[in-house]
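If you read the sequences in order, they're chains A and B. Numbering of the first sequence is given in the numbering used here, commencing with residue 1 and proceeding in unit increments. Numbering of the second sequence is given in the numbering used here, commencing with residue 164 and proceeding in unit increments. Structure, as structure tokens:
Protein chains: 2
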Amino acid sequence: MNNPEEVLEILLRPIGVIRTPYTTAAGTPIQTVYGRGIQGEVVVNDEYAPALADIDGFERLWLIYWLERARPFKPRVVPYRDSREHGLFATRSPCRPNPIGISVVRLLSHEGSRLRVADLDMLDGTPLLDIKPYVPIFDAHSPSAAGWLDASDEDRKIADDRF
Amino acid sequence: MNNPEEVLEILLRPIGVIRTPYTTAAGTPIQTVYGRGIQGEVVVNDEYAPALADIDGFERLWLIYWLERARPFKPRVVPYRDSREHGLFATRSPCRPNPIGISVVRLLSHEGSRLRVADLDMLDGTPLLDIKPYVPIFDAHSPSAAGWLDASDEDRKIADDRF
Numbered sequence: 001m002n003n004p005e006e007v008l009e010i011l012l013r014p015i016g017v018i019r020t021p022y023t024t025a026a027g028t029p030i031q032t033v034y035g036r037g038i039q040g041e042v043v044v045n046d047e048y049a050p051a052l053a054d055i056d057g058f059e060r061l062w063l064i065y066w067l068e069r070a071r072p073f074k075p076r077v078v079p080y081r082d083s084r085e086h087g088l089f090a091t092r093s094p095c096r097p098n099p100i101g102i103s104v105v106r107l108l109s110h111e112g113s114r115l116r117v118a119d120l121d122m123l124d125g126t127p128l129l130d131i132k133p134y135v136p137i138f139d140a141h142s143p144s145a146a147g148w149l150d151a152s153d154e155d156r157k158i159a160d161d162r163f
Numbered sequence: 164m165n166n167p168e169e170v171l172e173i174l175l176r177p178i179g180v181i182r183t184p185y186t187t188a189a190g191t192p193i194q195t196v197y198g199r200g201i202q203g204e205v206v207v208n209d210e211y212a213p214a215l216a217d218i219d220g221f222e223r224l225w226l227i228y229w230l231e232r233a234r235p236f237k238p239r240v241v242p243y244r245d246s247r248e249h250g251l252f253a254t255r256s257p258c259r260p261n262p263i264g265i266s267v268v269r270l271l272s273h274e275g276s277r278l279r280v281a282d283l284d285m286l287d288g289t290p291l292l293d294i295k296p297y298v299p300i301f302d303a304h305s306p307s308a309a310g311w312l313d314a315s316d317e318d319r320k321i322a323d324d325r326f
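In structure tokens, the structure reads:
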């Protein structure tokens, strides 16, 4: 067998849920930068509230979540920001083999098991898998060439129903 | 029940594997910025090779992977970059409820199902879950306040065996 790794199965359980104003893909910002100011809530299951200690000092967080309503994997897609097909892994489209989303959001406040957040691009009720602090020295790399995205003149910021 | 989401179980299957020079946590860079220039390989299973089309133009990629050798979840940890305890979600420590890692790496070359990459901070053989292009307008936010990390004078860059 060429790929012994592919027999491994990994079981995840959500740690909570993300509450946003969006109920359908069509009309939802395609990235948090296009959902600037849109507010919502991150609610972790009670057992995880103690793990939020000291999160308040971070201006931004990574939310890692499950794109549960994405359509099945396709190896090539026409992404929102272009009119031509690209390999799925060269895009941020949601129809991935493991549909995991990562989004940078701004932390507004924290109380108990709840975080008030802004700059949202995910659907209401999205299962939350992890929260990590956003750290510029680890995460911010600019300039960094971005292939077809740098060359595209398609300026779409809001999703339609293609995925 | 307060948290209906917690009954959801999500099944993932790795899409490939990450090859790095590191075989034990102790001695591995704690973030890719501290593994600068360290080279390795991303090998996707053959069925996913077509989904790598057009990835070549991206200078950096996100690797999303399974921290399979991390110790079990602890709600509070003393992270590598401080000498005091913090809530797990205010740290990048690997002992998370869903131990998913995200790392920005530099793409050096692409051939078929293989990517040569640099700036590595994960163990050899780490199961790969997803690859996304790094896009500065989506991902680079600087300055962005980073809580205890901004205040710490602990300058550790290489892991020990605590996680």
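Ideal Cβ placement from N, Cα and C applies to all residues, glycine included. The structure presented is a predicted model; accordingly, all values stated were derived computationally and were not measured.
By Cβ distance below 8 Å, which residues in the same chain neighbour residue i in space, the five residues on each side in sequence not counted?
i	result
A/D124	I18, R19, T20, P21, Y22, T23 and G40
A/G189	The question about residue 189 of chain A has no answer, for chain A in this structure spans 1 to 163.
A/N2	Bear in mind that the predicted position of A/N2 carries a pLDDT of just 49, short of 50, making it unreliable; the figure below should be weighed with that in mind. Taken in chain order, the list of residues that qualify is empty.
B/E231	P262, T289 and P290
A/G27	I158 and A159
B/G200	A281 and D282
B/E248	R239, V240 and V241
Can you tell me where the alpha helix (DSSP H) holding residue i begins and where it ends?
i	result
A/A118	Segment R114 to A118 is the beta strand (DSSP E) holding A/A118; no alpha helix (DSSP H) there.
Are the C-beta atoms of residue i and some chain A residue less than 9 Å apart?
i	result
B/S307	yes
B/R232	no
B/P290	yes
B/D313	yes
B/L174	yes
B/E222	yes
B/G310	yes
B/R255	yes
B/P296	yes
B/G275	no
What are the start and end residues of the beta strand (DSSP E) that includes residue i?
i	result
B/G198	No beta strand (DSSP E) holds B/G198; DSSP gives it neither H nor E.
A/V78	No beta strand (DSSP E) contains A/V78, which DSSP labels as neither H nor E.
A/I64	R60 to W66
B/R182	G179 to R182
A/L12	I10 to L12
Does the beta carbon of residue i sit closer than 9 Å to a beta carbon anywhere in chain E?
i	result
A/Y22	Checking the listed chains, one finds no chain E in this structure; the protein chains it contains are A and B.
Secondary structure at residue i, three-state DSSP: helix, strand or coil?
i	result
A/F163	coil
A/A146	strand
B/N165	Because B/N165 carries a pLDDT of 49, less than 50, the predicted location of this residue cannot be relied on, and the following value inherits that uncertainty. Coil, per DSSP.
A/F73	coil
A/G125	coil
A/P133	strand
A/G101	strand
B/G190	coil
A/E47	helix
Against chain B, does residue i count as a neighbour if the rule is that its beta carbon must be under 9 Å from one of theirs?
i	result
A/L8	yes
A/E41	no
A/D56	yes
A/L120	no
A/A53	yes
A/A25	no
A/D130	yes
A/G37	no
A/P75	yes
A/L123	no
A/E5	In this prediction, A/E5 has a pLDDT of 48, which is less than 50 and means its spatial position is unreliable; nothing more can be read from the coordinates.
A/V104	yes
A/Y48	yes
Enumerate in chain order the residues of its own chain whose CB-to-CB distance from residue i is below 6 Å, with the five nearest sequence positions on each side excluded.
i	result
B/S272	R279
B/D284	P192, Q194, T195, G198 and S266
B/G179	V206, V207, N208 and L291
What does a CB cutoff of less than 7 Å around residue i pick up in its chain, not counting 5 residues either side in sequence?
i	result
A/D56	H110
A/K157	P29, I30 and Y34
A/P97	F73
B/S305	none
B/R234	C258 and F326
Cβ contact check for the region 60 to 68 of chain A and the region 93 to 105 of chain A: 3 or more pairs under 8 Å: yes
Are the region 45 to 52 of chain A and the region 207 to 219 of chain B touching, with three or more C-beta to C-beta distances below 8 Å? no
State whether the region 292 to 303 of chain B contacts the region 141 to 152 of chain A, with contact taken as three or more CB pairs (one from each stretch) at a distance under 8 Å. yes
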